[in-house]
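Numbering follows our numbering, with no gaps: position 84 of the sequence shown is 88.
To start, the structure under review is shown below, and the notes come after it.
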Amino acid sequence: MIVHVDDDRTTVTVQAPDVLTDLRVSAPDGDGWQAALGPLGELDGDHVWLDVDELRSRADTGDPAWADGFAAMVQYAAGAGWLDTTGRRVRAHVEVRPGG
């Protein structure tokens, strides 16, 4: 699952929502894209803390199997130490796209 910040730095979409084994943020090179995340996330160094509920609502495919897979992804992240202390945010690596 990729949280994609478009090159315009204002539009955020969730791409490949069925890929629940690879969570990352794809952002254009440079500054100014962080505000586009809005309630979805907050930049912290080279990672973004993503709100789990907001991510679920944006990525949900409507398939009950997807919901189970998403829950398993969050549980895996918790075991790996990638949830914050509240359990409401998951840590995702930022992949910077050159030339954005």
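From the three backbone atoms N, C-alpha and C, an ideal C-beta is built for every residue, glycine too.
Bear in mind the structure is a predicted one, so any value in this text is a computation, not a measurement.
Query - Three-state secondary structure (DSSP) of Ala39 - result: As a first step, residue 39 must be located in the sequence shown, where it is residue number 35. Ala39: helix per DSSP, three-state reduction.
Query - Terminal residues of the alpha helix (DSSP H) in which Pro68 lies - result: For the purposes of this step, residue 68 is taken as residue 64 along the sequence shown, with counting starting at 1. Counted as a single uninterrupted DSSP element, the alpha helix (DSSP H) harbouring Pro68 occupies residues 68 to 84.
Requested in this report: May I have the straight-line CA-CA distance separating Trp37 from Ala71, to the nearest angstrom?
Outcome: The residue labelled residue 37 in the question sits at position 33 within the sequence shown. The residue labelled residue 71 in the question sits at position 67 within the sequence shown. Trp37 and Ala71 have their alpha carbons spaced roughly 29 Å apart.
Query - Sequence-distant residues of the same chain with beta carbon closer than 7 Å to Val56, five excluded per side - result: The residue given as residue 56 occupies position 52 in the sequence shown. Closer than 7 Å at Cβ, skipping near neighbours: Val78, Arg92, Arg93, Val94.
Requested in this report: Grab the span of the beta strand (DSSP E) containing Val23 for me, first residue to last.
Outcome: As a working mapping, residue 23 is identified with position 19 in the sequence shown. Premise fails: Val23 is in no beta strand (DSSP E) and is neither H nor E.
Requested in this report: Look at Gly45 and Val52 and say whether their C-beta atoms are less than 8 Å apart.
Outcome: Taking the sequence shown and counting its residues from 1, the one referred to as residue 45 is at position 41. Taking the sequence shown and counting its residues from 1, the one referred to as residue 52 is at position 48. Taking C-beta atoms as the reference points, Gly45 and Val52 count as a pair closer than 8 Å.
Requested in this report: Find out if the Cβ-Cβ distance for the pair Val7, Val23 is shorter than 8 Å.
Outcome: To locate residue 7, count along the sequence shown from 1; it is residue 3. To locate residue 23, count along the sequence shown from 1; it is residue 19. Against a cut-off of 8 Å, the Cβ pair of Val23 and Val7 comes out as no contact.
Query raised in the report: With a CB to CB cut of under 6 Å and the five nearest residues on each side skipped, what residues in its chain are close to Pro102?
Result: Against the sequence shown, residue 102 aligns to sequence position 98. Taken in chain order, the residues that qualify are Asp33.
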